[in-house]
Each structure stands twice: as structure tokens, then as C-alpha cells.
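> Structure below; questions to follow.
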Amino acid sequence: MSSVRFIGFTMVLAAILAAGLLTLANTRAAAPAGWHGQAQPPAYQERIFPPWSGGKNDSAVHQGLRFTVPEVDDLADFHGDPFNARLVLYIGGNYYFAVAPLVAAFVKLHPRLKGKVYAETLPPGILLRQIKAGGTITVGNMTWTAKPDVYAAGKLKIQTLIRDGILRGPVISYTTNDLAIMVPRGNPGHIHTLSDLGKPGTRLAMPNPAWEGVARQIQLSLKKAGGPALEKMVYQSKVADGQTILTHIHHRQTPLFLMQGLVVAGVTWKSEAIFQKQIGHPISYVPIPARFNTTAIYAGAVVRNARHPKAAMEWLQFLRSPTAQTIFDRYGFRPLKVTAKSLDPATPKVAALKHELSAIFSPPPESQMPHGRFGKIILLGRNIFDHTRTYAPKYVGNGLSCINCHLQSGRLAYSAPLWAAYVIYPRYQAKARGVVTFQKRLQECFLASMNGKSPPADGKVITALTSYAAWLATGATVGTNLPGRGYKFLTPAALPPSTSRGRVTFTQNCVVCHQSHGQGFLANGRYVYPPLWGPRSYNMGAGMAKIKMAAAFIKANMPFDKPGTLTDQQAWDVAKFIDSHRRPPAKTLPGR
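Quick look at the structure:
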């Protein structure tokens, strides 16, 4: 690494902004206050253009010559000194404004890292591309490398990247955030609901799904409020005719486009709108009701082969501390239930949680999948597991795949993970009145959960699935009930499970994926979300047909975008509601 100390970087934004203004010059909407894009003498006071932080987000001790010209030369989403860092953070950009107070509080606890924390707050999709580029990035005329120690984004993204071997567990969840509709002060577009975004002539700035993880949550909320038609109008029809501008960095571009008068609304995280108001920008927001909103769980993990793993884990643990939670609270973030009261690592509850997490077996990442013939069989098993109707169609009689009940390709603890099941077979089973092998258990799944036919025990399908399960269990202790096996114990319902209460909870939380009729979401001939009852669902012989098992699964894993948010009673009630519908009769394995 060069010994030359480079603190300031250069990013030329004028050409980009000019191009945007030329494209949209004839379609500008009125805004009551702020900068309108008109020709006027420059006033570079960091009041309109980023970085908006006044240099506070730069944690470097020696900053040399400070040269920042908003609109012309600035790097708003790069914080600190990358060349002397002892902790490199890749943080999904939606809390860029909290970086300075978080880092300042963190280094008070870890003074050895003062001036040595470097952070990037680009959208998570762009940060992931930078990871795959070896940590190297080019902005304008400047190229540098800063390999990350921590990657932070939505919980589901973190879980996926751990599965893919890019990150290593555990997943550390630390706060939540809700969506809001950001508007100019005074709300000149008269936006009051999500449905108003679909009105003809209403110009919008929306996060691009190609780059920004928030787009998925927004699309879910649009579907909750107005069905697929509203989501299509905002993200397809209006994009096609220019009424929706797709952003690359919504946490910077959306407020800018609003203040420039180019648009009248844009959906963002509520915290971003709160920050814009706090710094005095002519920005406001419209709350989104809970029944239409989508909550994100923020999480992080250590990057595999991180250079500073100790500091990385210290940072992740700090994010759960009362100090960090107080900082998040300033901007409207809400704490997770597990962090609400006893965040002190010395408390028994947190100590027990850490012990539980440390005890859970971690299967090998997909990057370590063997090569050669055995690797091909393992990969086939994974593909059958994830896309059963595609890779084993003649044995499937409904719309399900194995992954629908065993999440994250059979990896997720307390979602009946494959690695925990594999090590307890063969075993005696009272229901079978004999010894059951793992292969026979797989055959039963095809009969019941898939409502299909059982593949031959020595055939390609069962061999591939068994090989995949055996590989996931590499290093696990055989013959033991591993922590994380099956579904987590659910306390008995305080009230008898109720179909009517379950219907209400289902309508509020489940229809966005499974639809009001419970038949799932079908796209291009494939079920994106599975049917829960009827002829295309599991039959009466499946484990999920038992209310106790369904309730435990629902409590731990649903709703898919915010698992663990239902109460125990709601989980029992939803399971009862689902069970009240018809489904195919059970089938029996020959010889049973």
C-alpha cells in the first residue's frame, strides 16, 4: 500500500446532475421551498448537496487539507481513512447519517481504533459488487481498495451471503426500520397514501431494484396497499413513460430530486426522512399505516477472511448495546425485541442467547462444495431441494419444493435443517414400528409434503438429496440431537387457537405472499410463494398438517420479510386458520 496519505477523494457530480436536469427539464413539478434547479449563484454551504455532514463523518485524526465543493467535488458515502484502517465497514447506506455518532461512541469503548475506522455507505447491492471486486472501487478518477471486515444490510441478505460463503456467521440483528413516503415540505403533490403514487402525472423517485435492497420492501408494501396492479404501475408503467425515476443511491437522490422539484414523492426509510427534517431541508414525510408497511430487520456479519475479525465482532456486538440503540432511536429506528431491555452482555438472557448461537452447528458454505463427480451429485441434490418441481417433476404432485418448509436450502436452524436431520438417522420410529432410514424419510416427504410419489431409495433423486444432506452435515456429531434441529418449541396457546382470529392475522400479514385465497403466488409457471391449502398444497400426512408443528414454524420463520414478529398466540391462531381448510388426503409408503 502506498505510504502517501490520501484523505480527500474526488467525485464529479455536476455532469450527472446536469444530465438529469436536461432530461427532466420539461417535466419539473412545483415545490414550495428549497432549491428549484434554477440558474443562481452557487452557495456551497452543504445545505442542499451532499455530503450534509460538515465533515463529521470523517473519523480520521489527521485530515490534512480539507477540500470539499458540494455539487462538484465530494464523496458523500465514504467515511474516514481507508489506508490506515483497522476496521472497514460496508454499511447499507440507509443510516449514513448515524455513522459519525456510532463510530465516536464505539472508539470511546475501543480507543485503540480511534482514527482507524473506515466506512462505506453505498446501497447493499453496490457494496456486494465491490466485495466481489476484491474491495476495489473507482469513483471519478480515483481508484482505491478497502477490503471489508463487516457487511451490514437486511437480515435475509445477510443469511443468504452466509450460505454463499461470502460472510461467516453468526447473523447479528440489531435494529428495525419502517418505510415512509418522503415529500417536499407542504406536500404539493397531495400524497396521502401509497395508492396516491399510482395517480397519472404524479412523478416519483423510487429505489432501483437492481441496486437497492429497500426496493423489495417497497414492492411488498405497494402490493399490500393496492395489489400487483399498484406495484406494476409504480415500478413498470411509470418507469416506462418517465413518471418514475429509478435511483442508484436513493438516500441521496430522493431528497435532492424533491428539492429540485423534479418529483413530488418517493418511498424511503422513515429514518432518512426524519434526518432530512433534522438538518433543516424542506422535506417532510407521510407515514405508512402498519397494515401496509414493511419492516426491515437490520443485521450484519463478519466478512469471510476479514483482516480484522476481532474488531469486526466488537463492532457488531456494539450495535446491540444501549449506547448504539439510543443513537438509532434519534432517527426513528426501533429496537429488536431481543435488544429492548437486556442488552448488557453480562445479563443471563444475552449470555444464554450467545451460548445458544455459539452451540448451533454451522454447515460449510457453498464455496467449499467438492469438485468432480461427487460435487455434481451434491449440487444436483441442492437443486432438487430448492426447485423440486423442476428437477424431480414426476415425483411432485403439488406446487411445493423442499425449501418451502426447510428454509435457506435446508441450512437455517429451527427451520428443520437438513444437517440436523441427517445425523439422527437411522432411528427407531414408533409410528413405523421399526427402524427408519434417512432415505425412507425422504421418500415419505415426497408422499406427504409433495403429495406425490416416492422416488426409488437407490435412485438418482434420493441419492442426490442424501449426498447434499451428508455434505451439509460435514463435521457434525452423528447420533445427537443438535441444537437448531426441527422447529423451536412453542409454548402452549394462552387461549384455544381461533380460526376467526387467525383469519385476521393472516389477512394482515400473510396475503401479500400467499394471497387471500391461500393459493400462493405463481409467476411464469413457478410458485414464488407456496399454496397453503387446497389441491396444490401438502396433504394430511405432512408434518405441517399438524397445528403444533405449523404454529412453531410460523412463529420462528414468518412473515417471510419480518420473521419472529408474531406473538405465540397469533402463530397458534394462524396455524388453526390454515388447518381449517381442505387439503388432499394422506398417502402411505408401501410396506408401512
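According to our numbering, the sequence shown holds residues 1 to 592 in order. Where a beta carbon is used, it is the ideal one built from N, C-alpha and C, also for glycine.
Taking all protein chains shown into account, do 16 or more other C-beta atoms lie within 10 angstroms of the C-beta of F446, making it buried, or fewer, making it exposed?
As a first step, residue 446 must be located in the sequence shown, where it is residue number 446. When all chains shown are included, F446 counts as buried.
> Checking 8 Å against the spacing of the C-beta atoms, do A575 and M540 come in under that value?
Locating residue 575 in the sequence shown gives position 575, where the first residue counts as 1. Locating residue 540 in the sequence shown gives position 540, where the first residue counts as 1. Not a contact, by the Cβ cut-off of 8 Å.
> Which of helix, strand or coil does DSSP assign to A39?
Residue numbering aside, residue 39 sits at position 39 when the sequence shown is read from its first letter. Its pLDDT being 43, under 50, A39 is placed unreliably by the model, and the measurement read from it follows with that caveat. If DSSP states are grouped into helix, strand and coil, A39 belongs with coil.
> What are the boundary residues of the beta strand (DSSP E) that E120 is part of?
Your numbering for residue 120 matches position 120 in the sequence shown. From DSSP, the beta strand (DSSP E) with E120 extends over 117-120.
> I'd like the list of long-range same chain contacts for F438, defined as Cβ closer than 8 Å, with 5 residues on each side in sequence excluded.
Counting from one through the sequence shown, the residue named residue 438 turns up at place 438. Here the set comprises A421, Y422, Y425, P426, T466, A469.
> Under the rule that 16 or more other beta-carbon atoms within 10 Å means buried, what is D579, buried or exposed?
The count along the sequence shown starts at 1 and reaches residue 579 at position 579. It is buried - the Cβ of D579 has at least 16 other Cβ atoms within 10 Å.
> In three-state terms, what does DSSP make of V302?
Numbered from 1 along the sequence shown, position 302 holds the residue referred to as residue 302. Strand.
> Just grab the DSSP bridge partners of Q429 for me.
On the sequence shown, residue 429 is found 429 positions in, with the first residue counted as 1. Note: Q429 sits in a beta bridge opposite G434.
> Who are the near neighbours of I597 in its chain, counting only those whose CB is closer than 8 Å to its CB and skipping five residues on each side?
Residue 597 is absent from the structure shown; the chain starts at 1 and stops at 592.
> Give the secondary structure of V139 by DSSP, where H, G and I count as helix, E and B as strand, and everything else as coil.
Stepping through the sequence shown from its first residue, residue 139 is reached at position 139. Note: V139 maps to strand in three-state DSSP.
> Drop a sphere of 10 angstroms on the beta-carbon of A31, count the other beta-carbons inside from all chains shown, and report buried for 16 or more, exposed for fewer.
Counting from one through the sequence shown, the residue named residue 31 turns up at place 31. The predicted model places A31 with a pLDDT of 41, which falls under 50 and marks its position as unreliable, so this point remains unresolved.
> CB-CB under 7 Å to A448, same chain, minus the five flanking residues each way: which ones, in chain order?
The residue you call residue 448 lines up with position 448 of the sequence shown. Closer than 7 Å at Cβ, skipping near neighbours: Y538, N539, G541, A542, A586, K587.
> Could you have a look at M206 and say whether DSSP puts it in helix, strand or coil?
Position 206 of the sequence shown, counting from 1, holds the residue named residue 206. Three-state result, M206: strand.
> When you compare each of A464, E231, D458, I274 to R373 by their alpha carbons, which one comes out closest?
The residue given as residue 373 occupies position 373 in the sequence shown. Nearest C-alpha to R373: A464.
> Report buried or exposed for R88, applying the criterion of at least 16 other Cβ atoms within 10 angstroms of its Cβ.
Sequence index remark: in the sequence shown, residue 88 carries index 88 (1-based). Just to set this straight, residue 88 is Val in the shown sequence, not Arg. Looking at its Cβ environment, which holds 16 or more other Cβ atoms inside 10 Å, V88 is buried.
> For A33, I'd like the list of residues in its chain whose CB is within less than 8 Å of its CB, leaving aside the five on either flank, ordered along the chain.
Against the sequence shown, residue 33 aligns to sequence position 33. Note that A33 has pLDDT 49, beneath the 50 cutoff, so the model's placement of it is unreliable and no number is given.
> Please list, in chain order, all residues of the same chain as V338 whose beta carbon is under 6 Å from its beta carbon, the five residues on each side excluded.
Here the question's residue 338 lines up with position 338 in the sequence shown. Residue confidence is low: V338 scores 44 on pLDDT, short of 50, so the model does not pin down where it sits. No coordinate-derived value is stated.
> Taking just the CA atoms, how far does R86 sit from A311?
Start at 1 with the first residue of the sequence shown, and residue 311 comes out as number 311. Start at 1 with the first residue of the sequence shown, and residue 86 comes out as number 86. One C-alpha to the other measures close to 8 Å.
> So if DSSP puts R334 in a beta bridge, which residue, or which two residues, is it bridged to?
Working through the sequence shown from its first residue, we reach residue 334 at position 334. Bridge partners of R334: T176.
> Go ahead and label R582 buried or exposed: buried means 16 or more other beta carbons lie within 10 angstroms of its beta carbon, across all protein chains shown.
Position 582 of the sequence shown, counted from the first residue, corresponds to residue 582. Under this definition R582 is an exposed residue.
> Relative to the alpha-carbon of G80, which residue among L167, A119, I91, L109 has its alpha-carbon at the smallest distance?
For the purposes of this step, residue 80 is taken as the residue at position 80 of the sequence shown. For G80, the nearest C-alpha among the options comes from A119.
> Measuring CB atoms only, is the segment 203-218 touching the segment 245-258, in the sense that at least three cross pairs come out at less than 8 Å?
As far as the Cβ criterion goes, the segment 203-218 touches the segment 245-258, which means the pair count is three or higher.
> Ignore the nearest five residues each way along the sequence and tell me which others in Q443's own chain have a CB closer than 8 Å to its CB.
For the purposes of this step, residue 443 is identified with residue 443 of the sequence shown, where counting begins at 1. Closer than 8 Å at the Cβ level, and outside the excluded window around Q443, lie S454, P455, A457, I462, L589.
> Mapping DSSP to helix, strand and coil, what is A229?
Residue 229 sits at position 229 when you count from the first residue of the sequence shown. If DSSP states are grouped into helix, strand and coil, A229 belongs with the helices.
> Measuring CB to CB, does L204 end up less than 8 Å from I288?
Within the sequence shown, the letter at position 204 stands for residue 204. Within the sequence shown, the letter at position 288 stands for residue 288. Going by C-beta atoms, L204 is not nearer than 8 Å to I288.
> Does DSSP put R411 in a helix, in a strand, or in coil?
Here residue 411 corresponds to residue number 411 of the sequence shown, with the count starting at 1. R411 falls in the coil class under three-state DSSP.
> Take Q519 and list the residues in its own chain whose beta-carbon comes closer than 7 Å to its own, dropping the five residues that flank it on each side.
The residue given as residue 519 occupies position 519 in the sequence shown. So the qualifying residues of the chain are P531, G534, R536.
> What is the DSSP secondary structure of R382, reduced to helix, strand or coil?
Counted from its first residue, the sequence shown places residue 382 at position 382. DSSP places R382 in helix when its eight states are reduced to three.
> Are R216 and S409 touching if we call contact CB-CB under 8 Å?
Stepping through the sequence shown from its first residue, residue 216 is reached at position 216. Stepping through the sequence shown from its first residue, residue 409 is reached at position 409. It is not a contact, given that the beta carbons lie outside the stated cut-off.
> When you compare the segment 399-407 with the segment 378-390, are there three or more beta-carbon pairs, one atom per stretch, that lie closer than 8 Å?
Enough Cβ pairs lie closer than 8 Å, so yes.
> With the cut-off set at 8 Å, would you say K147 and R252 are in Cβ contact?
As a first step, residue 147 must be located in the sequence shown, where it is residue number 147. As a first step, residue 252 must be located in the sequence shown, where it is residue number 252. The answer is no: Cβ separation not under 8 Å.
> In its own chain, which residues sit with a C-beta less than 7 Å from the C-beta of V107, not counting the 5 before and 5 after it?
The residue labelled residue 107 in the question sits at position 107 within the sequence shown. L113, K114, V117.
> Measuring straight from C-alpha to C-alpha, what distance separates L490 and A551?
Within the sequence shown, the letter at position 490 stands for residue 490. Within the sequence shown, the letter at position 551 stands for residue 551. For L490 and A551, the distance between alpha carbons rounds to 8 Å.
> Compare the C-alpha of P492 against each of R441, C510, K548, P124 and name the closest.
Translated into the one-based positions of the sequence shown, residue 492 becomes position 492. Per the Cα distances, K548.
> Tell me whether the segment 298-306 and the segment 148-162 touch, counting them as touching only if at least three CB pairs, one residue from each stretch, are closer than 8 Å.
Yes: the two stretches touch, three or more of their Cβ pairs being nearer than 8 Å.
> Suppose you measure from the CA of T294 to the CA of A104; what does that come to, to the nearest Å?
As a first step, residue 294 is located in the sequence shown; it is residue number 294 there, counting from the start. As a first step, residue 104 is located in the sequence shown; it is residue number 104 there, counting from the start. Distance between the alpha carbons of T294 and A104 is about 31 Å.
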